[in-house]
Structures are given as structure tokens and as C-alpha cells.
């Protein structure tokens, strides 16, 4: 019992000491709440600064946004989009290019790669300053060499010559076959291509006259003579046509408009002398026959014409001399020779 009592006493003594200790216990002092608030704000500010720096240093964020905008509006021209980018970049604050990538250059590259092909608007091109880029000549815009054009003209001219030669051969064949209608049609076609072809005009006028189209033949020769007034052959043909139409006066006027060289236009002088004699213009006829008898003195016709004109003008001695020269050449028909002999006898019997 004593042992048990002693143990109980010891236990009570320990409990008494525990109560005293618990009674003297003081809770530790709590830290102020504002310290925790400052710590949280500091952490939040650090996180925000880290996010801001990471968003500014990333070169892909802005181009992605711009690409989305371009995808929604693909019809806008490149120049207009570049103008917007340059304006936005100019409004941004200056960025140290040594630490961060060139944002403006990245934006422009993305825009050029993603924008559709289109020509710049004239209004925006006037507002946007031109980029200082080297001009590289392009071979695709160079004009074709000028040496290539003459070859095409040569080919065209050669083809035209071949067509003209073929057309003239067809005309020749038609005339040989007495197919006047076809020949007239082909000659008109040739004159459409070559209006200055005098020989074609003469052939066509002759065919028209042969077919009884005197008015068309006359009009054609008059038009050709206006274009080539120096052509004696055209003038002679038109004069003969006037004579056929009983228009000797018009023929003589036409022939007297030009004085040909006496050694080159014998036929012209002979025609004018004959027409002048028919129109009783013996002065003109006498002059032309005198020229012809000097140029071609062995032709009896010129001496006969000169003798008749001299007789009409009252020059008896000159007429007798011309009649004798014509008679001595013995080139004329018997009826004409007989006429000459009669005129000689008549003129020789005169005092």
C-alpha cells in the first residue's frame, strides 16, 4: 500500500506541475497581415512583368493577328495593307533593336507572303513613299528587236508581187481567149491594187471601147491622164478615142497641150498633124509635117502631108517641091500616086 500510495502521490504531484505549466503557457505572437499582402503583390507583379516581357519579345504574336485579319479580307491590295502596317509601326514606341528582333520587318515579310497578288491602288501609291530598292531590269518587258519587222514586210511584199504576177497572167490568158468580160473584171481588180498601172488602164480602156463602153473608156483614160500627165501614150489614146467619137476639136486641144521632143515622139507629131489637118488647122499641121520630114526624110507620107498644107496655105513652090519628093520615093498606093501627079500638073501650069 505504501508503494501504491507513494505512486499516487507522485502522480498527483506531476499533474499539479502540469497544470502550473499550462497555466503559465502563452501563445506565440502572430505576424501582421499587411506583410502577407505585400508578398502576394510582389509575386503578382513579378508574374505580370514576366508575361509582359515574354509577349513583347515573341516575333510571332503580331504577325499571327495580322495574318488572321488578312485572311478575313483577301480582296484588299498589297499597297493598302502595307500602308496600314507602316502607320502602325510608326505609332509604336522605339524599340532597342540590339535586344529585340525587328518587328516591323517581320510584319512586312508576313504580309507580302500572305497577301493575294493584286496591283496597288493609284491613290495609295501616291500616299505611300516608294521603297528604296535596287531596280533590276527585266528581260520580259523589253520590246522586241526592230530587226524582226522588216522581214515580215519583205514576206508581205514578195507575196504581193506573186499575186500581181499571177493576176497579170490570168488577164493575158483571158485576152488570148477573147474572153473580154473576164479580162475586164481582172483588169479592174488589178487597178484596185495598182491604180498607177498605166498599161493596165490602156488595156482596160481598149476592151471597154471594143465592147461599146465608150463613156467608161473615156472616163478611165481621163483619170489616168490626170495622174500621169507626162504620159504621151495616154494622151494619144484618148485623142484617138475622141476622133472615133467625132470629137476632133477635143482631140486637137488635148494634143496641143504638150509639145513633145521632135526626135522622141514621132507618132505623137504624126497624130497631131493628121488631126490638125482634119480640123483645117493647116498652120499646126504644116509645122508638124515639116518637123517629121526633117526627122524622117525618107517617109513619103510626111512629104505628102507637107505638100497639102503648103498648097492650102498658098505656098505653091513649097507644095510642088513636097509633091515631087513624095512622088520620087514611090512608097504610096497607086490612087495616091495619081492624086500627086494631078496636083503637080495643076500647080505647075500656074504662073
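Residue numbers (full-length UniProt numbering): 1 to 351. Cβ coordinates follow ideal geometry from the N, Cα and C atoms, glycine included. Predicted model, so just to flag it, every value in this text is computed and none were measured.
Where residue 190 is concerned, the enclosing alpha helix (DSSP H) starts and stops at 180–193. By a beta-carbon distance limit of 8 angstroms, residue 270 does not contact residue 304. Their separation comes to about 12 angstroms. The three-state secondary structure of residue 333, taken from DSSP, is coil.
For residue 344 and residue 265, the gap between their C-alpha atoms comes out near 31 angstroms. Contact between residue 242 and residue 254 holds: CB atoms are separated by about 7 angstroms, below the 8 angstroms threshold. Put simply, of 190, 331 and 211 the residue whose alpha carbon is nearest the alpha carbon of residue 181 is 211.
Runs of alpha helix (DSSP H) with 4 or more residues, each lying fully within the region 250–309, are found at 266–278 and 282–295, listed in chain order.
In the three-state scheme derived from DSSP, where H, G and I count as helix and E and B as strand, residue 177 is classed as coil.
In chain order, 273, 276, 277 and 309 place their CB closer than 6 angstroms to the CB of residue 285, counting only its own chain and leaving out the 5 sequence neighbours on each side. Per DSSP, residue 216 is one residue of the alpha helix (DSSP H) stretching across 214–227.
Of 315, 279, 229 and 230, the smallest CA-CA separation from residue 251 is found for 279. In the displayed model, residue 42 falls within a helix according to three-state DSSP.
A straight-line Cα-Cα distance of about 46 angstroms links residue 171 and residue 338. Secondary structure of residue 318 (DSSP, three-state): helix. Leaving aside the five residues that flank residue 233 on each side, the residues in its chain whose CB is nearer than 8 angstroms to its CB run, in chain order, 198 and 202.
Pairing residue 316 with residue 347, the inter-Cα distance amounts to about 7 angstroms. The three-state reading of DSSP puts residue 245 in coil, since its state is none of H, G, I, E or B. For residue 333 and residue 163, the gap between their C-alpha atoms comes out near 49 angstroms.
If you draw a straight line from the Cα of residue 239 to the Cα of residue 229, it is about 14 angstroms long. Its chain contains 326, 329, 331 and 332 as the residues whose beta carbon lies nearer than 7 angstroms to that of residue 300, once the 5 sequence neighbours on both sides are disregarded; these appear in chain order. Straight-line measurement puts the Cα of residue 168 at about 8 angstroms from the Cα of residue 190.
In this structure, the straight-line span from the alpha carbon of residue 54 to that of residue 47 is close to 11 angstroms. Per DSSP, the unbroken alpha helix (DSSP H) holding residue 204 starts and ends at 198–210.
By the criterion of a C-beta distance shorter than 8 angstroms, residue 260 is surrounded in its chain by 232, 268 and 269, once the five residues flanking it on both sides are discounted. Non-local beta-carbon contacts of residue 42 in its own chain, meaning distances under 8 angstroms to residues more than five positions away in sequence, are absent. Annotated as distal: residue 293 and residue 313, with beta-carbon spacing of 9 angstroms or more. Taking the Cα positions, residue 258 is about 9 angstroms away from residue 235. A straight line joining the alpha-carbon of residue 319 with that of residue 296 spans about 18 angstroms. Within 10 angstroms of the beta-carbon of residue 311 lie 16 or more other beta-carbons, which makes it buried. Here residue 38 is exposed: its Cβ has fewer than 16 other Cβ atoms, across all protein chains shown, within 10 Å. When the alpha-carbon of residue 176 is set against those of 245, 207 and 196, the nearest one is in 207.
DSSP places residue 313 in the coil class of the three-state scheme, outside both helix and strand. Residue 165 and residue 220 have their C-alpha atoms spaced approximately 23 angstroms apart. Contact annotation, residue 200 with residue 215: C-beta distance approximately 19 angstroms; criterion of less than 8 angstroms not satisfied. Counting the other CB atoms within 10 Å of its CB gives residue 49 a total below 16, which places it among the exposed residues.
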